[in-house]
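Residue numbers (my numbering): 19 to 271.
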């Protein structure tokens, strides 16, 4: 047990208030089980390959699935990221996440969306992310891989925190998106498309900070079960992404 990787006591104190209440028989040690969930997702293991010190693998798997359906991990991410306050600068971008054949084998029956689409020569999911000026994620959304960046941005714009500026690449350059940002009092730092007759000005020095959102994706993809999607249901996969983002950016190390 002493050789196991475990979340620290300080980290547990920050996330324990968002755990569901235990009814009846007391739950197995939360710190051990949640640490097992993190270990499996980070290292890309099959659930049955989790080290025995974390307890029965069925307990770890069932806890992850049950809490994913309850939205526990998404709520932890939202609450901890919200404590940072409104950022002065935000960045938005997307990345593709390859869907393994075990994830794409589920037929879409309408109960739980898959968020898997065929693009880039295979089946993918697309992660839309908004981060603050320090490169820390504040909003995450999952769509099918063939959904355009504009549709994802339209879904996120109403939930954007108050900020002075939003940085994005020219793939987000549209009059509709610029208008919605302006309505929220957010300046758009977006390079205009080359074929535009009217070339919107933008701060090139500020735009250089956009690499921070790329760094965000690189760090999240270091978690192997995020880099390759094995989970069939979208809400389960998004929970894994939210847990990775929480541990990487919003929990004390």
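Glycine included, every Cβ here is placed at the ideal spot set by N, Cα and C.
Checking the sheet assignment: what are the DSSP bridge partners for residue 157? DSSP output for residue 157 lists 148 as bridge partner(s).
Residues near residue 209 by beta carbon distance below 8 angstroms, same chain, minus five either side: 187, 188, 191, 220 and 225
Buried or exposed, going by whether 16 or more other CB atoms sit within 10 Å of the CB of residue 233? exposed
Buried or exposed for residue 268, please, with buried defined as at least 16 other CB atoms from any protein chain shown within 10 angstroms of its CB. buried
Sequence-distant residues of the same chain with beta carbon closer than 8 angstroms to residue 19, five excluded per side: Here residue 19 scores only 47 on pLDDT, less than 50, and its place in the model is too uncertain to base an answer on.
Start and end residues, beta strand (DSSP E) containing residue 112: 107–117
Could you check whether residue 51 and residue 78 sit closer than 7 angstroms to each other, using their CB atoms as the reference points? Yes.
Same chain, Cβ closer than 6 angstroms to residue 40, neighbours up to 5 away in sequence not counted: none
Three-pair Cβ contact test at 8 angstroms for the stretch 100–116 versus the stretch 136–144: Here the stretch 100–116 lies against the stretch 136–144, with 3 or more beta-carbon pairs under 8 angstroms apart.
How should residue 150 be labelled, buried or exposed, when 16 other C-beta atoms within 10 angstroms of its C-beta is the threshold for buried? The Cβ neighbour count for residue 150, taken over all protein chains shown within 10 Å, is at least 16; the residue is labelled buried.
Measuring alpha carbon to alpha carbon, tell me which of 96, 55, 259 and 176 ends up nearest residue 236. Residue nearest to residue 236 within the set 96, 55, 259 and 176 is 259 (criterion: CA-CA distance).
Once you ignore the five residues that flank residue 196 on each side, which residues in its own chain have a CB closer than 6 angstroms to its CB? 206
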